[in-house]
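Chemist: Residue numbering for the sequence shown follows our numbering, starting at 535 and increasing by one per position.
Note that beta-carbon positions come from the ideal geometry of N, C-alpha and C, so glycine has one too.
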Amino acid sequence: MKSHHDHHGAHHHGPVAHEPGAGADAAYRQAFESAQPDAGRRVIPLDLEARELDWQFVPGTTTRAWGYNRQIPGPTIEARVGDVLEIRFTNRLPQPTNIHWHGLRVPAAMDGTEMVQHSVAPGGAFVYRFRLPDAGTFWYHPHSNEPVQLEMGLYGALIVRGADEPQLDAERVIVLDDVRLDQHGQIAPFGGIVEHHDGREGDTRLANGKAEPVLAIAAGQLERWRVVNASTAGYIRLSVGGKPFTILGTDGGLIEAPVTATEVLLATADRVDIAVGPFAEGEELAIEALQYLRRTIRKRRDEAFATLRVGPARPTAARIPERLRTIAPLAPATATPNRIVKLGIKLSLRRMVDFVINRERHHRDKPVKAGELQVWDVVNTTLMDHPFHLHGFFFQVLSVNGEPPAWRSWEDVINVPPRATVRIAWLPDDRPGSWMYHCHILEHHASGMMGHFDVVS
Ligand SMILES: [Cu+2]
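Written as structure tokens, this is what we have:
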């Protein structure tokens, strides 16, 4: 596929794929290759290091933060379907960590949670190695002390391209986040009742690690934007100056046909691929989150993440096909659920309420058998929104409160509105081991709104 992204500086970080190194590195790889069924595949090696760094979220203000490879976001990892990713991870943080590959269908042992591996101690290392089976916009982040580690800056995008991607004039990865800085420009102390309830939201809104940057686009062109919501808790009702854009894909890659919209809701951890443009020279548009009231104590309003400035025209060769992909339905909307996952709250002596699943903190759920269709009702018994995330598998949304979704797609995060029931279907393929689902408002997850279960062969 032809890539034009360098023309606009759309990526702050170049592709990270590089050729295998010499010496011990090559010998190591050869030994690993021969023991793996991946021989003959392209291996993308990457050294990833988590450490403290000085970072300017706001120009002129230096903030002590944490990042991968001394940058926020961490390097954008780019690959093709079928490639093998080999991440040699080193932890230079003052606390244990790990890396979860959000949305990727990896073996259970590579899921990067405390359930499947010991967190990597300070000074320690771990090699993540797995094949990339699906095209899409994914991301990576720690799955250890998450409310702190993500807020400090540990996250990055992971892009996997398929053979048949729509051809646009340029491509851009936009990782959105909000961070709470104190009066000294440092990450504000964590905790408190509001933060426990709402999840942590900050007033400094970031696009690719910078507060409200100005992005440039050429007049007349259509760009593909891969947008990731890496916020701890914030929802982003994404708007690009109120102009129509075209939704191309969601969590698990392309949808069946393009959908025109003027806004799209990204719950925490959600991704969307959109085609934006063409605009006229001189236009200036706000890339912003429109007000979304998710029944928090602290209310937000329309808030800008970045400004898009339209420069001189360039020719366009963009073409968005009428059909993007075929997604066979897993089950009819009327399918009978074989499991109910209740997102709830429970009174707690420690913190007034705990966030729970089926009335239990860190719910131990029944195993599922590989190859057996799962139809789950995810029921929100609370008065606030919760973004439900399933690890390691994509699901289809069959209905929300009995109504079919606007389009069919593969998802790994779905917002469950207050008092709503979302019916999902998913098919566990044969990747036995321990898996989990949880609310992706990280404070709710930490409080106990998660379940774990085994996939058995
Ligand atoms: Cu939640």
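Residue range of the beta strand (DSSP E) that Q701 falls in?
Modeler: Translated into the one-based positions of the sequence shown, residue 701 becomes position 167. Where Q701 is concerned, there is no enclosing beta strand (DSSP E), given that its DSSP letter is neither H nor E.
Chemist: What span of residues does the alpha helix (DSSP H) with Q683 cover, start to end?
Modeler: For the purposes of this step, residue 683 is taken as the residue at position 149 of the sequence shown. Counting along the chain, the alpha helix (DSSP H) containing Q683 begins and ends at 680 to 685.
Chemist: Of the residues V577, P579, N603, I578, which one's Cα is nearest the Cα of D588?
Modeler: Along the sequence shown, one-based indexing puts residue 588 at 54. Closest by alpha carbon: N603.
Chemist: Could you tell me how far apart the beta carbons of N914 and H923 are, in whole angstroms, since I believe they sit closer than 8 Å?
Modeler: Here residue 914 corresponds to residue number 380 of the sequence shown, with the count starting at 1. Here residue 923 corresponds to residue number 389 of the sequence shown, with the count starting at 1. Wrong, their Cβ atoms sit about 14 Å apart, outside the cutoff.
Chemist: Per DSSP, K903 forms a beta bridge with which residues?
Modeler: Along the sequence shown, read from residue 1 onward, the residue named residue 903 stands at position 369. The partner list for K903 (beta bridge, DSSP) reads V990.
Chemist: Just the Cα atoms here: how many angstroms apart are T766 and H974?
Modeler: Within the sequence shown, numbered from 1, the residue matching residue 766 stands at position 232. Within the sequence shown, numbered from 1, the residue matching residue 974 stands at position 440. Each residue's Cα considered, the two are about 8 Å apart.
Chemist: So, for S933: in the same chain, excluding its five sequence neighbours on each side, which residues have a beta-carbon less than 6 Å away from its beta-carbon?
Modeler: Numbered from its first residue, the sequence shown carries residue 933 at position 399. Around S933: A867, R957.
Chemist: Name the DSSP bridge partner or partners of E790?
Modeler: Looking up residue 790 in the sequence shown gives position 256. E790 pairs with nothing; no bridge assigned.
Chemist: May I have the straight-line CA-CA distance separating E612 from S882, to the nearest angstrom?
Modeler: In the sequence shown, counting from the first residue as 1, residue 612 sits at position 78. In the sequence shown, counting from the first residue as 1, residue 882 sits at position 348. Straight-line Cα distance between these residues: approximately 44 Å.
Chemist: Are the CB atoms of G608 and L582 nearer to each other than 8 Å?
Modeler: Along the sequence shown, read from residue 1 onward, the residue named residue 608 stands at position 74. Along the sequence shown, read from residue 1 onward, the residue named residue 582 stands at position 48. Against a cut-off of 8 Å, the Cβ pair of L582 and G608 comes out as a contact.
Chemist: Does ligand 1 have even one heavy atom less than 7 Å from the beta-carbon of I975?
Modeler: As a working note, residue 975 is residue 441 in the sequence shown. Yes, ligand 1 has a heavy atom inside 7 Å of this Cβ.
Chemist: Tell me the residue span of the alpha helix (DSSP H) that contains I727.
Modeler: In the sequence shown, counting from the first residue as 1, residue 727 sits at position 193. Per DSSP, I727 belongs to the alpha helix (DSSP H) from 727 to 732.
Chemist: Using only alpha-carbon positions, find the residue among E757, D785, L580 that is nearest to A851.
Modeler: By one-based count along the sequence shown, residue 851 stands at place 317. The shortest C-alpha separation from A851 is found at E757.
Chemist: Reducing DSSP to helix, strand and coil, say where M649 ends up.
Modeler: Numbered from 1 along the sequence shown, position 115 holds the residue referred to as residue 649. Three-state result, M649: coil.
Chemist: Is the beta carbon of F889 closer than 8 Å to that of H978?
Modeler: The sequence position of residue 978 within the sequence shown is 444, counting from 1. The sequence position of residue 889 within the sequence shown is 355, counting from 1. Yes. Within cutoff.
Chemist: Tell me I481's beta-bridge partners as DSSP assigns them.
Modeler: Residue 481 lies beyond the stretch modelled for the chain, which goes from 535 to 991, so this question has no answer here.
Chemist: Let me check one thing: in DSSP terms, what residues is R665 bridge-paired to?
Modeler: The residue labelled residue 665 in the question sits at position 131 within the sequence shown. DSSP, once it has assigned bridges, lists V618 as partnering R665.
Chemist: Does the stretch 732 to 744 come into contact with the stretch 826 to 846, if we say contact requires no fewer than three beta-carbon pairs (one atom in each stretch) closer than 8 Å?
Modeler: Yes: the two stretches touch, three or more of their Cβ pairs being nearer than 8 Å.
Chemist: Taking just the CA atoms, how far does D703 sit from G557?
Modeler: Within the sequence shown, the letter at position 23 stands for residue 557. Within the sequence shown, the letter at position 169 stands for residue 703. Annotation note: pLDDT 44 at G557 (below 50); position unreliable, coordinate value reported separately. Computed Cα separation, rounded: 40 Å.
Chemist: Residues in its own chain within less than 6 Å of D899 by CB, not counting five upstream and five downstream?
Modeler: Here residue 899 is taken as the residue at index 365 of the sequence shown, counted from 1. These residues qualify, in order along the chain: G985, F987.
Chemist: I'd like the span of the beta strand (DSSP E) that includes S933, first residue to last.
Modeler: For the purposes of this step, residue 933 is taken as the residue at position 399 of the sequence shown. S933 -> beta strand (DSSP E) spans 930 to 934.
Chemist: Out of N892, E620, P628, which has the shortest C-alpha to C-alpha gap to F660?
Modeler: Here residue 660 refers to the residue found at position 126 when the sequence shown is read from its first residue. Among N892, E620, P628, the Cα nearest to that of F660 is on E620.
Chemist: Measuring from the CB of M970, is there a heavy atom of ligand 1 at a distance below 7 Å?
Modeler: For this step, residue 970 is matched to residue 436 along the sequence shown. No, since every heavy atom of ligand 1 falls outside the 7 Å radius drawn around the Cβ of M970.
Chemist: Using a Cβ-based criterion (distance less than 7 Å to any ligand heavy atom), does M983 qualify as near ligand 1?
Modeler: As a working mapping, residue 983 is identified with position 449 in the sequence shown. Yes, the Cβ of M983 comes within 7 Å of a heavy atom of ligand 1.
Chemist: In its own chain, which residues sit with a C-beta less than 6 Å from the C-beta of N892, not counting the 5 before and 5 after it?
Modeler: As a first step, residue 892 must be located in the sequence shown, where it is residue number 358. Result list for N892: K876, in chain order.
Chemist: DSSP three-state label for A980, please.
Modeler: In the sequence shown, the residue the question calls residue 980 occupies position 446. A980: helix per DSSP, three-state reduction.
Chemist: Which word fits R884, buried or exposed, when buried means at least 16 other C-beta atoms lie within 10 angstroms of its C-beta?
Modeler: Within the sequence shown, residue 884 is the residue found at index 350, counting from 1. The residue is exposed, with fewer than 16 neighbouring Cβ atoms inside 10 Å.
Chemist: Taking the C-alpha atoms as reference points, what is the distance between R953 and A722?
Modeler: Working through the sequence shown from its first residue, we reach residue 953 at position 419. Working through the sequence shown from its first residue, we reach residue 722 at position 188. Whole-angstrom Cα-Cα distance: 32 Å.
Chemist: Find the nearest neighbour of L819 within the set P656, V810, D785, judged by alpha-carbon distance.
Modeler: On the sequence shown, position 285 is the one that residue 819 refers to. Ranking the options by Cα distance to L819, first place goes to V810.
Chemist: Go to Y826, then tell me how far its beta strand (DSSP E) extends in each direction, as first and last residue.
Modeler: Here the question's residue 826 lines up with position 292 in the sequence shown. That residue, Y826, is in no beta strand (DSSP E); it is neither H nor E in DSSP.
Chemist: Contact defined as beta carbons within less than 8 Å: I believe G786 pairs with G670. What is the distance between those atoms, to the nearest angstrom?
Modeler: The residue you call residue 786 lines up with position 252 of the sequence shown. The residue you call residue 670 lines up with position 136 of the sequence shown. Rounded, the Cβ-Cβ distance is 6 Å, consistent with contact.
Chemist: Provide the residue span of the beta strand (DSSP E) that contains K880, from first to last.
Modeler: Locating residue 880 in the sequence shown gives position 346, counting from the first residue. Here the beta strand (DSSP E) through K880 covers 873 to 882.
Chemist: Among residues of its own chain, excluding the 5 on either side of A544, which ones have a beta-carbon nearer than 7 Å to its beta-carbon?
Modeler: Within the sequence shown, residue 544 is the residue found at index 10, counting from 1. Low confidence applies to A544: its pLDDT is 38, below 50, so where it sits in the model is not reliable enough to give any reading.
Chemist: Given a threshold of 16 other Cβ atoms within 10 Å of its Cβ, counted over all protein chains shown, does T597 qualify as buried or as exposed?
Modeler: As a working note, residue 597 is residue 63 in the sequence shown. Under this definition T597 is a buried residue.
Chemist: Given 7 Å as the limit, tell me if H920 has its C-beta closer than that to any heavy atom belonging to ligand 1.
Modeler: One-based indexing of the sequence shown puts residue 920 at position 386. Correct: H920 has its Cβ closer than 7 Å to ligand 1.
Chemist: Check whether the Cβ of F987 lies closer than 7 Å to any heavy atom of ligand 1, and answer yes or no.
Modeler: As a first step, residue 987 must be located in the sequence shown, where it is residue number 453. Because no heavy atom of ligand 1 lies under 7 Å away, the Cβ of F987 does not count as near it: no.
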